[in-house]
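If you read the sequence shown in this note's numbering, its first letter stands for residue 319, the second for the next number, and so on. To keep things clear, I will list the structure first and then write my remarks on it.
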Amino acid sequence: NQKRGRDEYRFDPETKTVSRGSDGIPEIILTGKPRRGEITDANMQLLDFGSDFKSEAVVRQIRSGLTRKDLKHYQGELLFNGPPLPIHCSPDIENAEQDAFQAMIGQCRICFLYDQVTASSQKYDGTADCTKLVAGRIMAVQRTDNQTTRIILQPAVMTTRTAILAQPQADPSAALSTRDLKQTADSLKPVTNKYIYKLYLTR
Numbered sequence: 319n320q321k322r323g324r325d326e327y328r329f330d331p332e333t334k335t336v337s338r339g340s341d342g343i344p345e346i347i348l349t350g351k352p353r354r355g356e357i358t359d360a361n362m363q364l365l366d367f368g369s370d371f372k373s374e375a376v377v378r379q380i381r382s383g384l385t386r387k388d389l390k391h392y393q394g395e396l397l398f399n400g401p402p403l404p405i406h407c408s409p410d411i412e413n414a415e416q417d418a419f420q421a422m423i424g425q426c427r428i429c430f431l432y433d434q435v436t437a438s439s440q441k442y443d444g445t446a447d448c449t450k451l452v453a454g455r456i457m458a459v460q461r462t463d464n465q466t467t468r469i470i471l472q473p474a475v476m477t478t479r480t481a482i483l484a485q486p487q488a489d490p491s492a493a494l495s496t497r498d499l500k501q502t503a504d505s506l507k508p509v510t511n512k513y514i515y516k517l518y519l520t521r
């Protein structure tokens, strides 16, 4: 439960810096795979969006975000208004990736939540069943004694012009029973996300 986490870091919006101290927002501790651990020992995974986990591509995605080309396999967009989205993942965070996260301290980034990870036959990678997007601010990045990368993340709110407002559409020509009509009405309720908001630019 994130509300039971420690509150050891604070962000100054004026200087855009992170320092030790309480700000009333508990942090979440994310960890990669220990040196001799299993993929399921990690609660943080790198996701493969056309990078094949090559450090140069992964570092670019960490620092600059995903491009439409990165999402080619997903027709250029990611929607989370249906069943979990299976994405190739790896729990191994090398020095280059850790340095990239280190450079992002104080910044907000969109994160993927997943409900389970299934290891591949090779055991060093797998598939994460991703369920939704949230936002978090990177407060600290550490390397533990067992060579595990640890990221201290604080829940955050952010706006972006690239957010897609997903809402299922019903077929108006379909003949529906009373029960089906209720189920359709329920499915047409707006899909909300309290962490990420779409930004509109107007004149």
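All C-beta atoms in this analysis are idealised placements derived from N, C-alpha and C, irrespective of residue type, glycine included.
A check of alpha carbon separations from residue 458 across 343, 347, 447 identifies 347 as the nearest. Under a 10 Å Cβ-count criterion, residue 382 is classified as exposed, with fewer than 16 other Cβ atoms of the shown protein chains found around its own Cβ. Here the stretch 428-436 does not lie against the stretch 410-419, with fewer than 3 beta-carbon pairs under 8 Å apart.
The stretch 456-475 and the stretch 390-405 do not touch, with fewer than three beta-carbon pairs separated by less than 8 Å. The continuous alpha helix (DSSP H) containing residue 419 extends over residues 413-420. Residue pairing from DSSP places residue 406 in a beta bridge opposite 445. Ranked by Cα distance from residue 512, the options 470, 452, 464 are led by 452. If you look at residue 474, you'll find it isn't in any alpha helix (DSSP H); DSSP assigns it neither H nor E.
By alpha-carbon distance to residue 350, the top candidate from 473, 472, 342, 462 is 462. For residue 375, no beta strand (DSSP E) encloses it; the enclosing alpha helix (DSSP H) starts and ends at 373-382.
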